[in-house]
Amino acid sequence: MKKSRKDMVFNLSLVALIFIAVIIVENIPGVNPMLSTVLKKGSIYALVAVSMNLLNGFTGLFSLGQAGFMLLGAYTYAVITIPDSAREKVYMYVKEGSAVSRSWFDNIANGLHLPEGVSNIAIMIIGMLAGGLIAAFFSWLIGLPVLKLKSDYLAIATLGFAEIIRAIFQWDKLGPVTNGSNVLRNFPTFKTAVFPLTVSAICILFIVLLINSTYGRAFKAIRDDEIAAEAMGINLAHHKRLAFVISSFFAGIGGALLAMFQNTLQATPFKSAMTYEILLIVVIGGIGSVSGSIIASFLYISASEWWLRGLDSGKFLFIESPAVLRGGFRMVVFSVIIMIIVLFFRKGIMGERELSVTRFLNFFRKKDGKNEENS
Amino acid sequence: MFGKLFSTCLPYILSGISVGGQYALIAIGYTMVYGILRLINFAHGDIFMVAGLIMIYSNVSITPLFMNMGFSAESAFIFSIIASVVIVLVLTVLLGLTIEKAAYRPLRSAPRMSVMISAIGVSYLIQNAAIYITGGLAKPYPTKGAAMPWLSDQITVGSTSIKRVTVITPILTILLVLALVLLIKKTKIGMAMRAVSKDFRTSRLMGIEVNNVISVTFFIGSFLAAVGSLLYFTNYASVTPTSGAMPGLKAFVAAVFGGIGSVPGAVVGAFIIGICENILKGLDNILSTAGVFKDGFTFGFATFSDAFTFILLIVILCVKPTGLFGEKNTDKV
Amino acid sequence: MKKILAIVLAALMVFALASCGAENPTPDAGGKDAAPAGEKVVKIGVFEPASGDNGAGGKQETLGIQYANEKTPTVKIGDDEYKVEVIYADNGSSNDKAPTAAQSLISAGCSIILGSYGSGVSIAASDTFKDSGVAAIGVTCTNPQVTEGNSHYFRICFLDPFQGTVLANLASGEFKASKAYILTKLGDDYSTGLGYNFKQAFEALGGTVVEESFQEGNADFTAFLNTAKSQECDVIFAPTSTEAAQLIIEQSATQGIAVPLLAGDTWDSNVILNAAKGKDVKIYVTTFYQEGGNADFDNGFKDWINADATHLSNNGGDDTVAAVSAMGYDAYYVALEAIKAAGSADKAAIKNVLGSVTYTGVTGEIKFDETGDAIRDTAYVKTANTETGAWDFVREQGVN
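Shown next as C-alpha cells:
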C-alpha cells in the first residue's frame, strides 16, 4: 500500500513536471517547432493507444475497430463545432447546405456573456464529449452482436465495422451532415500542446482509475481465463461490453483531438492501416501496460515524424547516401524494428508492468531486481 | 423490358464472376492457413501484391537478355513473359515459405494474438518495402503490345466486350480447386493436412511432421496467390503497394463466409462476394433501367461496394459463425 | 537483456533529443544562421507528394522546381548574393500526413513554401503555414478552398470553376454531348470539386449528368464504365489521379467505350500517354501549358532530364514536358521575385509583398487577384495521340 502511494506521488509529480516543461519549452522562441508537433500528436496517440490497450491488453478482447471509433468521434466533433458563419463555405458542394447548426450554443454563450476564449474552450469540450458519446453509442450497438465472437473473429468483425463506418461517412446522401466525402474544416483547433496533453492526461487518469477498480480486476480476470472468470461470478457479457464502450468513448475523444491536430477532416485516412499503427504502438509499449503505451506513443511519433526523417532525405546521422536513403526508407527501417520487437522482445518496453519509482530505484540496485519481477 | 434488364445486368455479373475467381485463388490461401494454424495471415494479400511486382521487375530485366541473344523485340518479350511467369511462381512461393519460417514459426507456442500481431507486422513491412522499392508509384503491368497476347485479347459475350482473361479466370480457378480438393482428399500429405487441422497435438503424436505440413500449406497458398496475381493484374494492368490489401481482406471475408477451413466454401464465398460487389456498383443503373428509380434519382450504392463485404461478414458471423460449409467447433474446457 | 534494452532506449532518447536541440539553433530567422560561414542562404520549401496517389504528378512538379533551382541557384537581395536552398517534404498525397510534412519544412526554416500538387493536402496544411506566418504558393492545386479566406496562400494556376466550365464547354460544343457521365473519387477534394463544377456548368448548358464515385483503392472500373455505356452517355468525365486514370483508360479500351474521355489537368501526364498508346480511346484534357509553348524551356528541360537517370525515372521514363513541371518552374521564379521584392529572407516580409508580385513565366503572365489566385483566362486543350504516344494540341479555350 505504502509503495503504491509513493508511486502515485511520483507519477503525479512526473506528470506535473512534464507539463511545466512543455509550457516552458513551447514559449522559448527558437526551439524546434517539430517538438511541439510531436508532443501534440504523441499525446493523442497515447490516449488512443491506452484506450486500445484497455481492450486488448486488460480485457483480452482483440478489437481492430479503433479507427472507426476515432472517425465517429472526429466527425461528431467537427460537425458540431464548425461556426455557422463558416458552414456555407465548408458545405459548398452540398446542394442542401449544412443541416447542423451550432446557434443553440452561440445563443447560450451570448446570453451568459462568455468571453470568446471561454466559449471556444466550452464548445471544444462539448464537441469532444459528444464525439466520445457517439462513438460509445455505436460501439454499444455493434457490441451487441460482435462481442459474442471469439478472438480473431472479433478482430475481423470490428475491422469490418470500421470500414463500414468509413463508407457511411463518405456517402453523399448524408452530405448535409457529413459533407459527403469532402473535407471538413474551420472547426476550432488548439494551438499549443498543452490542450491535447491535458485532455489525454485526464482521460488516461480515468482509465487508470478504472483499471485499478473492481471493474479493472474483473477485466483482467476475463483476459486471463474467461471460463474461470465466469465461474467466479463475473458477468462476461456485461463486463466485455463495458470495456468495449469505455474504450470506444476514449477512442472517440482521441479522434476529436486528431481532427483538431489535422486542422481538416476527411474519412479517407481512418482506415485499417491506422488501427494497425496503434496496435503496433501498444505492442511496442507492452500489451497490458498503460505507461508502456504512453512511452511507446511518444517514441513512435518522435521516431517516425522527426528523428528518422533523415532516412528519407539522404542524410542520417553521419551517413550520406542519397541512393539508399530515399523516400520510404524510413518506414522500412521502422517496420523492421517493429518486427524485431514483435518476434524477439514480445513483452515490449514495459511488459505488463507500470512505470514506478520503486522499480526505477531498484533498477540500479542490482540485488532487488530479481525480487521485483515476482512481486 | 426483361431483355433490356438482362443485358444491363449481364456485364456486371460477368465482371463479378471474374473478380470472384481472383478472390477465390487468394481465399484458398487464407482458408488453408487458418484451417491448420488458426491464424489470419494478414500478409497474404501483400504476398499477392508482391507477386505482381516481381512480374513487372523480372520482365523489365529479362527482356534485354533475350534481345541480346538475338531475338526480335517481339519474341524476346514473349519469351521473357514466359520466363517471368516461372520466376513469379518460384519467388512468391519462396516468399511465403520464408515468412512462415521467420515470422510465424518462432511464435508457434505463443498466444494467438501474438501471431496475429506478427502477421500484421509482416504486412506492414511488405507494404513499406514495396513503397520504398517502387517509389510509391503505380507500376504498369506488362500487358501491352505483344505481351500476354492471348489473355488480354478482347472477346464479345452477348453485347459486352471483355478481356479473354475475364472468362479464363473462373475456369482456371475451378480447375485448380478441383486439383486441390483431390490433393487434400486422396494423397498422403492431404490426409496429414486434414489431420493437423483437426488436432494439432495428436497428429504430432501420430508421427506427422507438423512443420512440413504447414510448409506445404504455405506453399500451396502462395502458389495460388501468385496465379491469382497473374490473372488479376493482367486484368487491371497496374500494381501499387496497397493493391493487395483490399483484395486480401475481401478474400478473407470470402473464406469466413464459405466456412473457414473449407476449400470449396472459400471458392463459393469468393464468387458470391465478387458478384454481389459488382452488382452493387451497378445497382443504381439497374434499378433505374428497371424503372424503380425515376427522374435520375440515384442511391449511391457504389459507395458501399467495399463496405458491403464487411456487412456480409458481420451478418454471417452473427447468424452462422461457422460459415456456409464450415464444421462446428466446440471449445473444450 | 531487458535492462540493456531499456538503457539503450533511454540513451537513444537522450541522444536524439540532444542532437535535435543542437541541430536547429534559431530557425525562425529565415534560416540564415544555419549556413556555413560567409555564405548567405535563403530556403524555399517544396511541399509535394512523392508517393501515394499523386506521387507521379508531384514528382514531375518537383522536377520543374529542381530544374529552375539548378538554373538559378542564387538570388540577389539588396547587394548580397544569397544561395537558394530547396528543401523537400513528401506529403504522401495524404491529408493526415500533410500537417507534419508542412511542419518539417517550417522547422527547417523555410522562408516561403511551394506546393502542392493536389488540393486536399494543400487545404490540410494551410493552417500549419498560417500559424507559422509563412506564405505558400500553390502550384497546381485548383480547388477554390485552398486560397479562399486565406491571406497567406497564393496560387499560380487557374481554378476548378474555370476549368470545369472550360471542360463543359468542350463537351457540349466540340462533342455535342447532352449527357455526361461523371466519375469522381471519394475523399479527393480535387476530384469531387472539379466534378461538381463541371456538373454545374454542364447542366447550365442544358445537359444532364450521371454521377458516380468510387472508393479509394478501387481497381475495377468495369462496372462504372458499364453504367456509362448502358446509360448512353456522350462523354465520360473522370477528374481522377493518374493512378486511377491508367486503370480507367485500360478498362474502357477493353470495354470498347467509343465516347471521349475528358479530364482535367492531372491527366496531362506521360502516364496517361503510355496507358493510351496503341489503344482505341479518345482522351481530351485541359491543362496549364502546352509543350512547344516555350522552346527554350522545353529543350533545356529535356536536356536536363535526359542527363540524369533519376530525373528521367521521376519524369515517368521519358522526356515529355508535363504542364506541372512548367508550373513548378514558374512557381520557383515567382518565389524568387517575391524574395527580391521583399528585400530580405524574412518570411513575414515575403508574405507581405507576395500579393503584388507579377512575373511572366513560360506558362504565361502571373498576377494575383485579391484572393491570391492568379488571373488566368485560358486553358490548353490537348488530346492523346494513341499512335505516337504524344499530346496533340487542340486549341486554347476560355470560358466564353
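Protein chains in written order, with the working numbering: chain A, 49 to 423; chain B, 2 to 334; chain C, 787 to 1186.
C-beta atoms are modelled at their ideal positions from N, C-alpha and C, and glycine is treated no differently.
All values reported here derive from a predicted model rather than from experimental measurement.
Handout entry: asparagine 80 of chain A to serine 893 of chain C span [Cα, whole Å]
Key = Locating residue 80 of chain A in the first sequence gives position 32, counting from the first residue. Locating residue 893 of chain C in the third sequence gives position 107, counting from the first residue. In a straight line, the C-alpha of asparagine 80 of chain A is about 6 angstroms away from that of serine 893 of chain C.
Exercise for the section: Residues of the stretch 1018 to 1038 of chain C with a CB closer than 7 angstroms to any CB of chain B: list them in chain order, please. Expected result: Glu1029, Gln1032, Leu1033 and Glu1036
Practice task
Could you tell me how far apart the beta carbons of isoleucine 1152 of chain C and serine 897 of chain C are, in whole angstroms, since I believe they sit closer than 8 angstroms?
Solution key: Residue 1152 of chain C sits at position 366 when you count from the first residue of the third sequence. Residue 897 of chain C sits at position 111 when you count from the first residue of the third sequence. That pair is no contact at about 19 angstroms.
Practice task
Would you kindly check if the distance between the Cβ of aspartate 1051 of chain C and the Cβ of threonine 926 of chain C is under 9 angstroms?
Solution key: As a working mapping, residue 926 of chain C is identified with position 140 in the third sequence. As a working mapping, residue 1051 of chain C is identified with position 265 in the third sequence. Contact flag set, yes.
Practice task
Just mark tyrosine 1166 of chain C as buried or exposed, buried being the case when its beta carbon has 16 or more other beta carbons within 10 Å.
Solution key: Walking along the third sequence from the start, residue 1166 of chain C turns up at place 380. Counting Cβ neighbours within 10 Å, tyrosine 1166 of chain C comes out buried, since at least 16 surround it.
Problem - Cutoff 7 angstroms; reference phenylalanine 80 of chain B; Cβ partners in own chain excluding five residues on either side - result: Position 79 of the second sequence, counting from 1, holds the residue named residue 80 of chain B. Cβ within range, chain order: Phe67 and Phe72.
Practice task
Would you mind sorting proline 859 of chain C into buried or exposed? The rule is 16 or more other CB atoms within 10 Å of its CB.
Solution key: Here the question's residue 859 of chain C lines up with position 73 in the third sequence. Under a 10 Å Cβ-count criterion, proline 859 of chain C is classified as exposed, with fewer than 16 other Cβ atoms of the shown protein chains found around its own Cβ.
Problem - Through-space distance from phenylalanine 67 of chain A to lysine 89 of chain A, alpha-carbon basis - result: Within the first sequence, the letter at position 41 stands for residue 89 of chain A. Within the first sequence, the letter at position 19 stands for residue 67 of chain A. Computed Cα separation, rounded: 15 angstroms.
Practice task
Give a single yes or no on whether serine 350 of chain A has its beta carbon closer than 8 angstroms to a heavy atom of the ligand FMN.
Solution key: Absence of the ligand FMN from the depicted structure is noted, as is the absence of any ligand whatsoever, leaving it without description.
Handout entry: Extent of the continuous beta strand (DSSP E) to which leucine 1048 of chain C belongs
Key = Within the third sequence, numbered from 1, the residue matching residue 1048 of chain C stands at position 262. Element bounds for leucine 1048 of chain C: 1047 to 1049.
Exercise for the section: Inspect the beta-carbon positions of leucine 120 of chain A and isoleucine 174 of chain A and report whether they are closer than 9 angstroms. Expected result: Locating residue 120 of chain A in the first sequence gives position 72, where the first residue counts as 1. Locating residue 174 of chain A in the first sequence gives position 126, where the first residue counts as 1. For leucine 120 of chain A and isoleucine 174 of chain A, no; Cβs fall outside 9 angstroms.
Handout entry: Contact set between arginine 113 of chain B and chain A, taken where Cβ atoms lie within less than 9 angstroms
Key = In the second sequence, the residue the question calls residue 113 of chain B occupies position 112. Within chain A, the residues near arginine 113 of chain B are Phe110, Ser199 and Asp200.
Practice task
Please confirm if asparagine 1012 of chain C has its CB atom under 9 angstroms from at least one CB of chain B.
Solution key: In the third sequence, counting from the first residue as 1, residue 1012 of chain C sits at position 226. Output row for asparagine 1012 of chain C: interface = yes.
Practice task
Assuming alanine 344 of chain A and isoleucine 329 of chain A form a contact by the criterion Cβ under 8 angstroms, report the distance between their Cβ atoms to the nearest whole angstrom.
Solution key: The residue labelled residue 344 of chain A in the question sits at position 296 within the first sequence. The residue labelled residue 329 of chain A in the question sits at position 281 within the first sequence. So it is a contact: roughly 5 angstroms between Cβ atoms.
Exercise for the section: Would you mind telling me which residues of chain A sit closer than 9 angstroms to phenylalanine 272 of chain B, beta carbon to beta carbon, in chain order? Expected result: Residue 272 of chain B sits at position 271 when you count from the first residue of the second sequence. Going along chain A, no residue has its Cβ under 9 angstroms from phenylalanine 272 of chain B, so there is no contact; the nearest lies around 19 angstroms.
Handout entry: phenylalanine 833 of chain C at chain B interface by Cβ criterion, 9 angstroms
Key = For the purposes of this step, residue 833 of chain C is identified with residue 47 of the third sequence, where counting begins at 1. When Cβ-Cβ separations below 9 angstroms define contact, phenylalanine 833 of chain C makes no contact with chain B.
Practice task
Note down, in chain order, each residue of its chain lying with its Cβ closer than 6 angstroms to the Cβ of alanine 227 of chain B, except the 5 sequence neighbours on either side.
Solution key: One-based indexing of the second sequence puts residue 227 of chain B at position 226. Cβ neighbours of alanine 227 of chain B beyond the five flanking positions: Ala52, Val89, Leu90 and Thr93.
Practice task
Pick out whichever of C/Ile830, C/Ala888 and C/Asp946 has its Cα sitting closest to the Cα of aspartate 1159 of chain C.
Solution key: Position 373 of the third sequence, counting from 1, holds the residue named residue 1159 of chain C. The shortest Cα separation from aspartate 1159 of chain C among C/Ile830, C/Ala888 and C/Asp946 belongs to C/Asp946.
Exercise for the section: In the DSSP assignment, find the unbroken alpha helix (DSSP H) run with lysine 1126 of chain C in it and report its ends. Expected result: Within the third sequence, residue 1126 of chain C is the residue found at index 340, counting from 1. Start and end: 1109 to 1128.
Handout entry: 6 angstroms CB neighbourhood of glycine 309 of chain B in its chain, flanking five on each side removed
Key = Within the second sequence, the letter at position 308 stands for residue 309 of chain B. For clarity, residue 309 of chain B is phenylalanine in the given sequence; the question names glycine instead. So the qualifying residues of the chain are Leu281.
Exercise for the section: Leaving out five residues on either side along the sequence, give the residues of the same chain with a beta carbon under 6 angstroms from the beta carbon of alanine 266 of chain A. Expected result: The sequence position of residue 266 of chain A within the first sequence is 218, counting from 1. Within the same chain, alanine 266 of chain A has close Cβ partners Ile282 and His287.
Problem - Minimum Cβ-Cβ distance from arginine 233 of chain A to chain C less than 9 angstroms - result: Position 185 of the first sequence, counted from the first residue, corresponds to residue 233 of chain A. Yes, arginine 233 of chain A counts as interfacial toward chain C.
Problem - Min CB distance asparagine 1101 of chain C to chain B below 9 angstroms - result: Within the third sequence, residue 1101 of chain C is the residue found at index 315, counting from 1. Not one chain B Cβ lies under 9 angstroms of asparagine 1101 of chain C.
Practice task
Report yes if the C-beta distance between glutamate 834 of chain C and glycine 844 of chain C is below 9 angstroms; otherwise report no.
Solution key: Residue 834 of chain C sits at position 48 when you count from the first residue of the third sequence. Residue 844 of chain C sits at position 58 when you count from the first residue of the third sequence. In this structure, the beta-carbon distance from glutamate 834 of chain C to glycine 844 of chain C falls below 9 angstroms.
Handout entry: Segment limits, beta strand (DSSP E) that includes serine 999 of chain C
Key = Looking up residue 999 of chain C in the third sequence gives position 213. Segment 994 to 1000, the beta strand (DSSP E) holding serine 999 of chain C.
Exercise for the section: Answer with buried or exposed for histidine 938 of chain C, where buried requires no fewer than 16 other C-beta atoms within 10 angstroms of its C-beta. Expected result: For the purposes of this step, residue 938 of chain C is taken as residue 152 along the third sequence, with counting starting at 1. Buried, because 16 or more other Cβ atoms sit within 10 Å of the Cβ of histidine 938 of chain C.
Exercise for the section: Closer than 9 angstroms by beta-carbon distance: list the chain D residues that pair up with serine 880 of chain C, in chain order. Expected result: Absent from the structure is chain D; the protein chains it does hold are A, B and C.
Exercise for the section: Would you identify the three-state DSSP class for tryptophan 219 of chain A, choosing helix, strand or coil? Expected result: The count along the first sequence starts at 1 and reaches residue 219 of chain A at position 171. The answer is coil: DSSP assigns tryptophan 219 of chain A none of H, G, I, E or B.
Handout entry: Candidates A/Val63, A/Ser91 and A/Phe106: closest to serine 337 of chain A by CA position
Key = Working through the first sequence from its first residue, we reach residue 337 of chain A at position 289. The alpha carbon of serine 337 of chain A has as its nearest neighbour, out of A/Val63, A/Ser91 and A/Phe106, the alpha carbon of A/Phe106.
Handout entry: valine 214 of chain B, buried or exposed, once every other Cβ within 10 Å from all chains shown has been counted against 16
Key = Start at 1 with the first residue of the second sequence, and residue 214 of chain B comes out as number 213. Buried, because 16 or more other Cβ atoms sit within 10 Å of the Cβ of valine 214 of chain B.
Handout entry: Contact set between glutamine 114 of chain A and chain C, taken where Cβ atoms lie within less than 9 angstroms
Key = For the purposes of this step, residue 114 of chain A is taken as residue 66 along the first sequence, with counting starting at 1. Within chain C, no residue comes near glutamine 114 of chain A; the closest Cβ sits about 15 angstroms away, beyond 9 angstroms.
Exercise for the section: Rounded to whole angstroms, what's the CA-CA distance from serine 187 of chain A to phenylalanine 292 of chain A? Just pull it up for me. Expected result: As a position in the first sequence, residue 187 of chain A is number 139, starting the count at 1. As a position in the first sequence, residue 292 of chain A is number 244, starting the count at 1. Between serine 187 of chain A and phenylalanine 292 of chain A, the C-alpha separation is close to 7 angstroms.
Practice task
Decide yes or no for the touch test of the stretch 262 to 279 of chain A against the stretch 139 to 147 of chain A: beta carbon pairs closer than 8 angstroms, at least 3 of them.
Solution key: As far as the Cβ criterion goes, the stretch 262 to 279 of chain A does not touch the stretch 139 to 147 of chain A, which means the pair count is below three.
Exercise for the section: Please work out which residues of its chain come closer than 8 angstroms, Cβ to Cβ, to alanine 64 of chain A, disregarding the five sequence neighbours upstream and downstream, and give them in chain order. Expected result: The residue given as residue 64 of chain A occupies position 16 in the first sequence. Answer for alanine 64 of chain A: no residue qualifies.
Exercise for the section: Flag aspartate 285 of chain B as yes if its beta-carbon sits less than 9 angstroms from any beta-carbon of chain C, otherwise no. Expected result: Here residue 285 of chain B refers to the residue found at position 284 when the second sequence is read from its first residue. Yes, aspartate 285 of chain B lies at the interface with chain C (some Cβ there is under 9 angstroms from its Cβ).
Practice task
Spell out whether any CB of chain C is found under 9 angstroms from the CB atom of aspartate 360 of chain A.
Solution key: Indexing the first sequence from 1 puts residue 360 of chain A at position 312. Chain C, which has a Cβ nearer than 9 angstroms to the Cβ of aspartate 360 of chain A, makes this yes.
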